[in-house]
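Asker: After the structure tokens below, expect a handful of questions from me.
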Ligand SMILES: Nc1ncnc2c1ncn2[C@@H]1O[C@H](COP(=O)(O)OP(=O)(O)OP(=O)(O)O)[C@@H](O)[C@H]1O
Ligand SMILES: [Mg+2]
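Numbering (this note's numbering), first residue to last: 1187 to 1585.
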């Protein structure tokens, strides 16, 4: 296996995730799923692996919706995806032919859809899904919709009503689809932010409260260690001591994206050299990657998105993150707020608490068993300290 940070991996190179995929199967027996995680944790690859491990009789349709910009376009994609599964066993083909003009319809690979602009897209979607029930060979149809929040955000920018209608339509379909239809929504943008924005524009529904939330966490320690070992060994990099695999995995929070990055950087700097890799070389590579001005690990995003996520509350959210980044130990909620208050004396305690909850939901923070708060990911904390020029809490502890 070659390092491939951010690229698309072959199925045999997607390590671990077996327990999560089993969980997903169990939940999908009962209901649809909202698959959440911090960005770059590996959501898309979980979907890819799930596709290869689904039970016989389940039809899995995976589609990246990032570039879809209207309800109609969404329905066209969905119809093109459904077509191969419904074509032979149902009267979908006849229905499509009666739906509209062939001329001017969208082309999806070999499938030419009719032009159905004269029919409401919702109606077309309901009718298309109806055909599912005519095919007795399909026990269950699962849509894996990646980057659905991006699509909704894109639609909502020009047409918030259509974004609301789409969310409601999907909910209705889940209700009507019975046991035969399930959906998995995921994406790098939190769906709760999109729904929150829609609520400020008059939306009053709870469009995903029938879905089970499942979190994609970093790899297990053993899988992360194994990935480090495999990437270094396959690139002919020898290590001075085998504990380097575990130390590397731990230093990057067992995140496969960073593991691929570290391996790629080490291959660039060390391949062909006679000396074996030691921890000093690896930890220097990690530090340089976190601090590099060209931001190879895309960490800048953690600050940039606070503008969109927290709007007018952004200064307070940065103050909370600064307070926790500067502390070597987890802090109680009261102490975190006390340290963050600084120049924000007029902010009410409830507002601080709401923000803290949101920062947990957005994967910046976690609470430990004692209720204390800390950064969820060590790499993000290290970058935050570096980027914001905060005192390094790790050095304070050593002193
Ligand atoms: N199970 C895995 N085994 C090995 N490498 C992985 C695995 N999952 C993810 N990766 C690595 O991490 C990168 C990011 O993974 P992926 O694109 O699945 O993340 P994501 O959570 O979908 O990201 P985004 O939030 O940007 O959509 C991959 O390109 C690959 O380098
Ligand atoms: Mg993804």
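The C-beta atom is built at its ideal place from N, Cα and C for all residues, glycine as well.
Keep in mind the model is a prediction, meaning the values are calculated, not measured.
1) Name the two residues that bound the continuous alpha helix (DSSP H) containing residue 1281.
2) How would you label residue 1528, buried or exposed, when you count the other beta carbons within 10 angstroms and need 16 or more for buried?
3) When every heavy atom of ligand 2 is checked, does at least one fall within less than 7 Å of the C-beta of residue 1199?
4) Any contact of the stretch 1312 to 1330 with the stretch 1224 to 1243, i.e. 3+ C-beta pairs under 8 Å?
5) What runs of the beta strand (DSSP E), each 3 residues or longer, lie entirely inside the stretch 1205 to 1293?
6) Determine the burial state of residue 1224: buried for a count of at least 16 other Cβ atoms within 10 Å of its Cβ, exposed for fewer.
7) Using the C-alpha atoms, what's the distance from residue 1442 back to residue 1311?
8) List the DSSP bridge partners of residue 1372.
9) Taking residue 1256 and residue 1341 to be in contact with their CB atoms under 8 Å, please state how far apart those CB atoms are, rounded to whole angstroms.
10) What residues in its chain sit with their C-beta under 6 Å from that of residue 1247, if we drop five residues either side in the sequence?
11) Touching or not, the stretch 1300 to 1319 and the stretch 1200 to 1212, by the rule of three or more beta carbon pairs under 8 Å?
12) Would you tell me roughly how many angstroms separate the C-alpha atoms of residue 1459 and residue 1478, rounded to the nearest one?
13) Ligand 1 and residue 1547: does the residue's C-beta get closer than 7 Å to at least one heavy atom of that ligand?
14) Quick check on the burial criterion: 16 or more other C-beta atoms within 10 angstroms. Buried or exposed for residue 1408?
15) Within this structure, are the beta carbons of residue 1360 and residue 1350 separated by less than 8 Å?
16) Quick check: the Cα distance between residue 1636 and residue 1551, rounded to an integer number of angstroms?
17) Could you check which residue in 1339, 1539, 1292 and 1410 has the C-alpha nearest to that of residue 1381?
18) Pop quiz: residue 1531 and residue 1372 are said to be a contact at Cβ under 8 Å. What is the actual Cβ separation, rounded to whole angstroms?
19) Measuring CA to CA, which of 1261, 1347 and 1540 is closest to residue 1313?
20) Please report the distance separating the alpha-carbon of residue 1191 from that of residue 1448.
21) If you measure between the beta carbons of residue 1213 and residue 1398, is that distance less than 8 Å?
22) Please name the residue in 1562, 1316 and 1352 whose C-alpha comes closest to that of residue 1389.
23) What number of angstroms, rounded off, separates the C-alpha of residue 1581 from the C-alpha of residue 1514?
24) Along the beta strand (DSSP E) that carries residue 1401, what are the first and last residues, could you check?
25) Hey, would you say residue 1315 sits closer than 8 Å to residue 1269, going by beta carbons?
26) Have a look at 1518, 1453 and 1250 and flag the residue whose alpha-carbon is nearest the alpha-carbon of residue 1538.
27) Could you check the C-alpha separation between residue 1367 and residue 1281 for me, to the nearest Å?
28) Using beta-carbon positions only, say whether residue 1462 and residue 1425 come within less than 8 Å of one another.
29) According to DSSP, is residue 1560 helix, strand or coil?
30) If contacts are defined as beta-carbon pairs under 8 Å, then residue 1326 and residue 1244 qualify, I think. What distance do you get, rounded to the angstrom?
31) Are the beta-carbon atoms belonging to residue 1439 and residue 1393 less than 8 Å from one another?
32) Among the candidates 1543, 1557 and 1469, whose CA atom is the shortest distance from the CA of residue 1565?
33) Taking the alpha helix (DSSP H) that residue 1416 belongs to, which residues open and close that run?
34) Of the residues 1259, 1309 and 1324, which one's Cα is nearest the Cα of residue 1293?
35) Suppose you measure from the CA of residue 1306 to the CA of residue 1321; what does that come to, to the nearest Å?
36) Just to confirm, are residue 1457 and residue 1423 a CB contact at a threshold of 8 Å?
Answerer: Taking the coordinates as given:
1) Within the chain shown, numbered from 1, the residue matching residue 1281 stands at position 95. First-last of the alpha helix (DSSP H) with residue 1281: 1278 to 1285.
2) In the chain shown, counting from the first residue as 1, residue 1528 sits at position 342. The residue is exposed, with fewer than 16 neighbouring Cβ atoms inside 10 Å.
3) Walking along the chain shown from the start, residue 1199 turns up at place 13. No, ligand 2 has no heavy atom inside 7 Å of this Cβ.
4) yes
5) 1219 to 1222 and 1244 to 1250
6) Working through the chain shown from its first residue, we reach residue 1224 at position 38. Residue 1224 is buried by the Cβ-count criterion.
7) As a position in the chain shown, residue 1311 is number 125, starting the count at 1. As a position in the chain shown, residue 1442 is number 256, starting the count at 1. When rounded, the distance between both Cα atoms is 37 Å.
8) Residue 1372 sits at position 186 when you count from the first residue of the chain shown. Answer is 1332, bridged to residue 1372.
9) Reading the chain shown from its first residue, position 70 is the one you call residue 1256. Reading the chain shown from its first residue, position 155 is the one you call residue 1341. Confirmed, about 6 Å.
10) Position 61 of the chain shown, counted from the first residue, corresponds to residue 1247. 1267 and 1329.
11) no
12) Counted from its first residue, the chain shown places residue 1459 at position 273. Counted from its first residue, the chain shown places residue 1478 at position 292. Answer to the nearest angstrom: the Cα atoms are 24 Å apart.
13) By one-based count along the chain shown, residue 1547 stands at place 361. The answer is no for residue 1547.
14) Within the chain shown, numbered from 1, the residue matching residue 1408 stands at position 222. Exposed, by the Cβ-count rule.
15) Residue mapping note: residue 1360 aligns to position 174 of the chain shown, counting from 1. Residue mapping note: residue 1350 aligns to position 164 of the chain shown, counting from 1. In this structure, residue 1350 does not lie closer than 8 Å to residue 1360 by Cβ.
16) Because the chain in this structure spans residues 1187 to 1585, residue 1636 falls outside the shown range and cannot be described.
17) Locating residue 1381 in the chain shown gives position 195, where the first residue counts as 1. Residue 1339 is the option with its Cα nearest to residue 1381.
18) As a first step, residue 1531 is located in the chain shown; it is residue number 345 there, counting from the start. As a first step, residue 1372 is located in the chain shown; it is residue number 186 there, counting from the start. Contact doesn't hold; Cβ gap of about 40 Å is too wide.
19) By one-based count along the chain shown, residue 1313 stands at place 127. For residue 1313, the nearest C-alpha among the options comes from 1261.
20) Translated into the one-based positions of the chain shown, residue 1191 becomes position 5. Translated into the one-based positions of the chain shown, residue 1448 becomes position 262. If I take the Cα positions, the gap works out to 9 Å.
21) By 1-based counting over the chain shown, the position of residue 1213 is 27. By 1-based counting over the chain shown, the position of residue 1398 is 212. Yes, these two residues count as a Cβ contact at 8 Å.
22) Counted from its first residue, the chain shown places residue 1389 at position 203. It is 1352.
23) Along the chain shown, read from residue 1 onward, the residue named residue 1581 stands at position 395. Along the chain shown, read from residue 1 onward, the residue named residue 1514 stands at position 328. Going by the C-alpha atoms only, they are around 9 Å apart.
24) By 1-based counting over the chain shown, the position of residue 1401 is 215. Run containing residue 1401: 1398 to 1401, per the beta strand (DSSP E) assignment.
25) Residue numbering aside, residue 1315 sits at position 129 when the chain shown is read from its first letter. Residue numbering aside, residue 1269 sits at position 83 when the chain shown is read from its first letter. Contact: no.
26) Here residue 1538 is taken as the residue at index 352 of the chain shown, counted from 1. Selected option, being the one with the closest Cα: 1518.
27) In the chain shown, residue 1367 corresponds to position 181, counting from 1. In the chain shown, residue 1281 corresponds to position 95, counting from 1. C-alpha separation (whole angstroms): 20 Å.
28) In the chain shown, counting from the first residue as 1, residue 1462 sits at position 276. In the chain shown, counting from the first residue as 1, residue 1425 sits at position 239. A contact, by the Cβ cut-off of 8 Å.
29) By one-based count along the chain shown, residue 1560 stands at place 374. DSSP places residue 1560 in strand when its eight states are reduced to three.
30) As a first step, residue 1326 is located in the chain shown; it is residue number 140 there, counting from the start. As a first step, residue 1244 is located in the chain shown; it is residue number 58 there, counting from the start. Contact flag correct, Cβ pair sits at about 5 Å.
31) If you number the chain shown from 1, residue 1439 lands on position 253. If you number the chain shown from 1, residue 1393 lands on position 207. It is not a contact, given that the beta carbons lie outside the stated cut-off.
32) Mapped onto the chain shown, residue 1565 falls at position 379. Nearest of 1543, 1557 and 1469 to residue 1565, Cα basis: 1469.
33) Counting from one through the chain shown, the residue named residue 1416 turns up at place 230. Unbroken alpha helix (DSSP H) run through residue 1416: 1407 to 1420.
34) Start at 1 with the first residue of the chain shown, and residue 1293 comes out as number 107. Closest option to residue 1293, Cα to Cα, is 1259.
35) Translated into the one-based positions of the chain shown, residue 1306 becomes position 120. Translated into the one-based positions of the chain shown, residue 1321 becomes position 135. Rounded to whole angstroms, residue 1306 to residue 1321 spans 25 Å at the Cα level.
36) In the chain shown, the residue the question calls residue 1457 occupies position 271. In the chain shown, the residue the question calls residue 1423 occupies position 237. Yes, these two residues count as a Cβ contact at 8 Å.
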